[in-house]
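Following: one structure in structure tokens, then a few remarks.
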Amino acid sequence: VPASLAEFLRGLVSRGMAGCNITLPHKEAALHLLDEVDDLAVAVGAVNTVVVKNKKTIGTNTDVAGFYENVKPHLSQTKKAVMLGAGGAARGVAVALSQLGFSHIVITNRTREKAEAIAKDQALDVVAWEHRADALKDADLLVNTTSLGLAGQPPLALDLSLLPQQAIVADIVYKPLITPLLAQAESRGHKTVDGLGMLLHQAAPGFCAWFGVMPEVTDELRGFILSA
Ligand code: ATR
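167 is the number that our numbering gives to position 167 of the sequence shown; each next residue is one higher, with no gaps.
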């Protein structure tokens, strides 16, 4: 943990700040550096939003709501979801999948132990990384939470042939906006959900907590961010 992070977070109150967002790689460390953290942030194991209230720093997690709001409008079936990855973003996605009503959530990760640690806390089924393509059978939603496909990283290698035609494919990576996984899914006719919507939707509740106004995530806002 950089000493400056603790110092920065302590200084929010004395500097009269309303709060801040916390991004990689500080989301986990921040859990232990604030006056309070809410139950959701503890369950997710990460803080992405800090709000100053009554001269105290309070940590929460809006990534869960961000993923939820981004995916919810596209869903019709919520029986089976498959999530790839068990790193920093995966716990929040698992919580959101359960809030979305998925009755069967499968997690697969290159390092199996990390998937098992999340599965133990959140009642997920673990499938071996080598068998990830088989896990797609009967899935309604496939989500990539790994860093594969991110600019500068290798693409995610995944055979989608068992994924049902009506299944939705989501990626939390938004650089590039159309990851190789989303391009592959689109070419097979799947509906896809990119990661930019999650970024916008996680920002809205933080903005509301700081400034008392809930921004709407509109096509216009999305277009503005894309052009910027
Ligand atoms: P961390 O795991 O340190 O929290 P992260 O960036 O939040 O880092 O997560 C990276 C995710 O992408 C992990 O699920 C990681 O798998 P491991 O847990 O096995 O490391 C996954 N990932 C990164 N590179 C990968 C690769 N080449 N093949 C498969 N999975 C990969």
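Even for Gly, the Cβ is constructed at its ideal location relative to N, Cα and C.
Please name the residue in G189, V82 and R15 whose C-alpha comes closest to that of T57.
-> R15
Every unbroken beta strand (DSSP E) inside the stretch 117–160 [3 residues or more] = 141–144
Assigned secondary structure, K79 (DSSP; H/G/I helix, E/B strand, else coil) = coil
Let me know the secondary structure DSSP gives L24 once reduced to three states.
-> coil
How would you call N54, buried or exposed, if buried means at least 16 neighbouring beta carbons within 10 angstroms?
-> exposed
Out of L124, H131, L40 and H190, state which residue places its alpha-carbon closest to the alpha-carbon of H104.
-> L124
Provide the residue(s) that pair with H104 in DSSP beta bridges, ordered along the chain.
-> K80
Fully enclosed by the stretch 23–79, which beta strand (DSSP E) runs are 3 residues long or longer?
-> 49–53 and 56–60
Thinking C-alpha only, which one of D138, G88 and L148 is nearest V106?
-> D138
Taking Cβ positions, are L75 and L141 nearer each other than 9 Å?
-> yes
Mapping DSSP to helix, strand and coil, what is V169?
-> strand
Span separating the alpha-carbon of Q99 from that of V64 = 9 Å
Which residues in the same chain have their Cβ closer than 7 Å to the Cβ of G101, if we skip the five residues on either side of it in sequence?
-> T78
Any contact of the stretch 195–213 with the stretch 18–28, i.e. 3+ C-beta pairs under 8 Å?
-> yes
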